[in-house]
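So the structure is just underneath, and the comments pick up after that.
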Amino acid sequence: MNRFNGLSRISTEWSSRMSLSRRSLLTTAGALPAVALLAGMPADASAQSRRTYFVSLQGDDNAAGTSESTAWKTINRVNKAFAEGQIVHGDSVLFQRGQRFFGEFNQLSEPQGDARLTIGAYGTGAHPVIMGYKVLDRSRAWSKVGDNLWQIDLSDPNNYRGNTCSQEIREANIGFLRVSGKRFYGAKKFSLGELQAEFDFHSDHKSKLLTLVCSENPAGRGLLAAADGLMVPARSNTTIQGLDLIGIGGHGIHVDKGNSGVRIIDNHIHHIGGSHLIWVTDKVFRYGNGIEMWIGTSDIVVEGNRVYDVYDVAFTMQGDQSGPHLGWRDIHIRGNSTNRCTQSFEVWAGGGDHGPEAGYRNCTFTGNNCHNAGTGWGQEARPNKDEGGVHLLSYSEPLPMDLKITGNRFAGAVNAYMYRQPEHRSQMTIDNNTIELKAGQKLQHQRGELIEQHAAWSEATGFDKNSKFVIK
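As structure tokens, then:
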């Protein structure tokens with residue numbers, strides 16, 4: 001997410017609004033060593049769980065859910081169990097591999113001491129797919145409202161298939177469309193008068209109406225809509241492992257302030273973002289990150305994930321200080337891969353407390369493979385393209401920065417290697433990376449040095465003095 005006036009209030013707004021609807025947006029945390037799966041189940045499932053719940057397309061939501069033979073069938077049933085307190089920390093929720101489930105997680109269980117909640121997979125085959133898309137294939141649900149203009153009411157779940165878990169305030173805030181399961185359409189317009197090109201769209205979170213341009217009834221075009229939401233609102237001592245999370249207009253995984261002990265291991269997170277950030281005064285601001293860790297989080301490992309086709313950034317550590325939430329501690333993002341995200345890694349912070357708990361403390365971004373920044377749908381859709389198409393993004397660094405960005409590969413970017421607003425030398429370490437750009441490309445958006453002048457740039461900034469620079 002890119003920074004703007006009022007962003008410091010977002011986390012507080014999310015938490016307060018969702019607590020009223022029993023759908024908290026606070027985040028998950030966990031403690032899982034990066035080890036191989038045993039018998040197709042997460043490494044800590046048998047050791048930590050009180051109960052294990054299974055979810056399979058061959059299941060029954062009226063069954064017990066506590067064995068493979070009595071598995072539940074839907075994410076809606078899982079959300080009901082979380083809301084009613086049936087699933088608690090110490091339990092595991094496992095989805096059958098090789099299957100696809102529509103929905104998103106509205107609310108996880110309250111942390112209880114050191115007990116760990118695990119959301120993962122069982123069986124053999126590909127990662128189970130958790131799909132946030134709404135499938136808009138019902139002809140009767142569409143009304144023609146003008147020349148090549150079609151409209152659908154998303155407040156009625158009978159008008160679509162797929163994800164029916166969306167919160168009411170989010171269900172019609174569409175981030176992007178996909179057609180025939182292939183092409184992205186991210187041209188979200190903020191007035192009906194702007195609708196011109198095929199699959200330009202306007203969505204109103206108040207009226208719940210989605211209006212788009214199409215030469216025929218859109219039901220026959222294989223149309224998928226990504227509505228606002230969080231695929232997983234992580235909370236303390238939670239492990240999220242071995243899932244394929246796809247198709248949401250907000251964030252893939254969001255770890256809110258005050259949460260710790262989260263483990264995010266071996267997931268695929270893609271087709272994320274683009275919804276309007278309705279909590280703020282900016283009427284046209286869009287957002288959506290792959291994995292976001294808000295200020296006030298600690299002891300988080302993000303390892304072995306694939307993050308791609310995201311509106312904003314793959315990984316971000318961001319936020320303004322508020323109350324006791326002063327910084328980040330022991331956050332490690334390692335061994336992941338990104339592709340076609342608008343940016344690969346972002347940091348920004350705000351506040352005036354420089355005490356021992358402030359800023360970034362023992363945080364790392366290491367051994368990641370980041371490719372093709374800005375070549376995806378998000379860069380094409382965003383209005384501020386100069387801030388996209390880069391691997392590293394920083395808006396403000398007023399707090400202590402014990403953060404190391406080392407041993408990564410940054411290959412290919414539309415604009416530059418990094419976009420960094422602060423003019424002062426940074427306290428963070430950026431070194432021993434491999435940077436691959438085309439001849440004549442800038443290393444930093446705000447400076448003039450090209451990749452051919454990397455030695456002068458490194459001397460001036462202090463970054464990447466021992467890194468390898470490759471002209472492609």
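Under UniProt numbering, think of the first position of the sequence shown as 1, with each following residue one higher.
Ideal Cβ positions, reconstructed from N, Cα and C, are used throughout, including at glycine.
As the structure is a prediction and not an experimental result, all values here were calculated from the model.
- Classified as buried, Ala381 has 16 or more neighbouring CB atoms from the shown chains inside 10 Å of its CB.
- Listed in chain order, the non-local C-beta contacts of Pro218 below 7 Å within the same chain comprise Leu136, Trp142, Trp150 and Leu212, local neighbours out to five positions each way being set aside.
- The Cβ-Cβ distance between Tyr417 and Val390 falls below 8 Å.
- Counting along the chain, Arg183 sits inside the beta strand (DSSP E) bounded by residues Arg183 to Tyr185.
- 8 Å or more divides the Cβ of Arg77 from the Cβ of Asp91.
- Scanning the segment 304-337 from its first residue to its last, the whole beta strand (DSSP E) runs of 3-plus residues come out as 306-310, 313-320 and 327-334.
- Distance from Phe95 to Thr74 at the Cβ level is roughly 11 Å; contact not present, criterion being Cβ atoms closer than 8 Å.
- Its chain contains Lys257, Gly258 and His325 as the residues whose beta carbon lies nearer than 6 Å to that of Gly296, once the 5 sequence neighbours on both sides are disregarded; these appear in chain order.
- According to the DSSP assignment, Gln96 belongs to the beta strand (DSSP E) that extends over Ser92 to Gln96.
- Setting aside the 5 residues that flank it on each side, Glu292 is surrounded in the same chain by His251, His254 and Thr316, each with a C-beta closer than 6 Å to its C-beta; the list follows chain order.
- Our two residues, Ser458 and Asp464, have alpha carbons roughly 6 Å apart in a direct line.
- In this chain, Trp279 is not harboured by any beta strand (DSSP E), its DSSP state being neither H nor E.
- Taken in chain order, the complete beta strand (DSSP E) segments of 3 or more residues contained in the segment 114-148 are 117-122, 129-131, 133-135 and 142-146.
- The C-beta distance from Gly162 to Tyr122 rounds to 23 Å, too long to meet the 8 Å contact threshold.
- Check the Cα spacing between Gly290 and each of Gln112, Asp244, Gly261 and Ser322: the tightest is with Asp244.
- Around the beta-carbon of Val470, fewer than 16 other beta-carbon atoms lie within 10 Å, marking it exposed.
- Membership of Asn76 in the alpha helix (DSSP H) is indicated by the continuous run Ile75 to Ala83.
- If only uninterrupted beta strand (DSSP E) runs of at least 3 residues are considered, those enclosed by the segment 371-428 are 392-394, 401-406, 409-413 and 416-420.
- Judged by DSSP in its simplified three-state form, Leu192 adopts helix.
- As computed with DSSP, Thr211 is found in a beta bridge with Gln151 and His202.
- Between the segment 183-202 and the segment 107-125, the count of C-beta pairs closer than 8 Å stays below three; the two stretches do not touch.
- Beta-bridge partners of Glu346 (DSSP): Thr316 and Leu393.
- Distance check between Met131 and each of Gly222, Ile246 and Leu224 places Ile246 closest, using alpha-carbon atoms only.
- DSSP places Ser69 in the helix class (H, G or I) of the three-state scheme.
- Ser337 and Ile451 have their C-alpha atoms spaced approximately 23 Å apart.
- Inter-segment contact for the segment 401-409 and the segment 422-434 is present: three or more beta-carbon pairs are separated by less than 8 Å.
- Rounded to whole angstroms, Glu346 and Ser69 show a C-alpha spacing of 44 Å.
- Counting along the chain, His354 sits inside no beta strand (DSSP E), nor does DSSP assign it H or E at all.
- By the neighbour-count criterion, in which 16 or more other beta carbons inside 10 Å mark a residue as buried, Pro422 falls on the exposed side.
- Per DSSP, reduced to three states, the secondary structure at Gln453 is helical.
- Around Tyr419, the same chain offers Glu387, Val390, Leu393 and His445 as residues with beta carbons nearer than 7 Å, after the five sequence neighbours per side are excluded.
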